[in-house]
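> Everything in the sequence shown is counted per this note's numbering, starting at 368 for the first residue and increasing by one. Where a beta carbon is used, it is the ideal one built from N, C-alpha and C, also for glycine. Next up is a structure, given as structure tokens.
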Amino acid sequence: MPIPVNCPCGTGSPYEMCCGMYHNNPGTAPTAETLMRSRYTAFAIGDFEYVAKTQKLQDEPGQAATDIQDSNEHTKWIKLEVNATEDGLEKDKTGIVAFSAHFKEGKHIGRLSERSVFKKIKGQWFYISGEHDVQKNTPLINSDAMKVGRNDPCLCGSGKKFKKCCAAA
368 MPIPVNCPCG
378 TGSPYEMCCG
388 MYHNNPGTAP
398 TAETLMRSRY
408 TAFAIGDFEY
418 VAKTQKLQDE
428 PGQAATDIQD
438 SNEHTKWIKL
448 EVNATEDGLE
458 KDKTGIVAFS
468 AHFKEGKHIG
478 RLSERSVFKK
488 IKGQWFYISG
498 EHDVQKNTPL
508 INSDAMKVGR
518 NDPCLCGSGK
528 KFKKCCAAA
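The structure is reproduced here in structure tokens:
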């Protein structure tokens, strides 16, 4: 997938000045929330190697990038909302980030709500586990920040015009 101009994580910053920095240097995210945002962006742009490098799953410690890619090949990530954080700052050893990630699969949209657990190991943040709920066919709430014209770049970060991407469904 082409690299988007604006970062899919929702900060409004250019990709290269936001999550792109961490994708180019895995292990450098300073906080649990920053790691979570960069992992979301990696899912959104198809950088599954980064996703695999930034996790130490309790249930599947050997999960490979190809496994992650296979389970996400039909999912287009549209919007991220960070709902809450607990700890996870630079001085902390653990952190929790609650978020909602809106997605599209075929003609259906949905929302993944998750409470992710992160742990800092030897100075590097890792995703450890998460409790999640998937709601299918949810309405995507359009905020002013999401207003997009038919000829504007799509919010999902595909690089296509909105009318040829998410609006085509």
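1) On the DSSP bridge list, what partners appear for ARG478?
2) For ALA451, which option in ALA399, LYS443, GLY477 and ASN373 has the closest C-alpha, if you only look at C-alpha atoms?
3) Whole angstroms are fine: how far does the CA of LYS471 sit from the CA of LYS446?
4) So LEU402 is in the alpha helix (DSSP H); what residue range does that whole segment cover?
5) Assuming the contact rule is C-beta atoms closer than 8 Å, ARG478 and SER467 should be a hit. Round their C-beta distance to whole Å, please.
6) What does a CB cutoff of less than 7 Å around PHE410 pick up in its chain, not counting 5 residues either side in sequence?
7) Is it buried or exposed for GLY455, if we count other Cβ within 10 angstroms and need 16 for buried?
8) Considering only C-alpha positions, which residue in the set ARG406, MET388 and CYS376 is nearest to PHE493?
9) In this structure, how does DSSP classify ASP454 when only helix, strand and coil are distinguished?
10) Would you say LEU424 and SER496 are within 8 Å of each other, going by their C-beta atoms?
11) Determine the contact status of ASP459 and LYS487, defining contact as a CB-CB distance below 8 Å.
12) Measure the C-alpha to C-alpha separation of HIS475 and ASP519 and round it to an integer number of angstroms.
13) Distance check for GLY379 and GLN430, CA to CA, integer angstroms please.
14) Just the C-alpha distance for ASN313 and THR442, rounded to the nearest angstrom, thanks.
15) Are the CB atoms of ALA396 and PHE415 within a distance shorter than 8 Å?
Per the coordinate set shown:
1) DSSP, once it has assigned bridges, lists HIS469 and GLN502 as partnering ARG478.
2) ALA399
3) 10 Å
4) 399-412
5) 5 Å
6) VAL418, ASN439 and TRP444
7) buried
8) Closest in C-alpha terms to PHE493, from the list ARG406, MET388 and CYS376, comes ARG406.
9) For ASP454, the secondary structure class from DSSP, reduced to helix, strand or coil, is strand.
10) Yes. Within cutoff.
11) A distance below 8 Å separates the beta carbons of ASP459 and LYS487.
12) Straight-line Cα distance between these residues: approximately 22 Å.
13) 31 Å
14) The first residue shown for the chain is 368 and the last is 536, placing residue 313 beyond what the model contains.
15) The answer is no: Cβ separation not under 8 Å.
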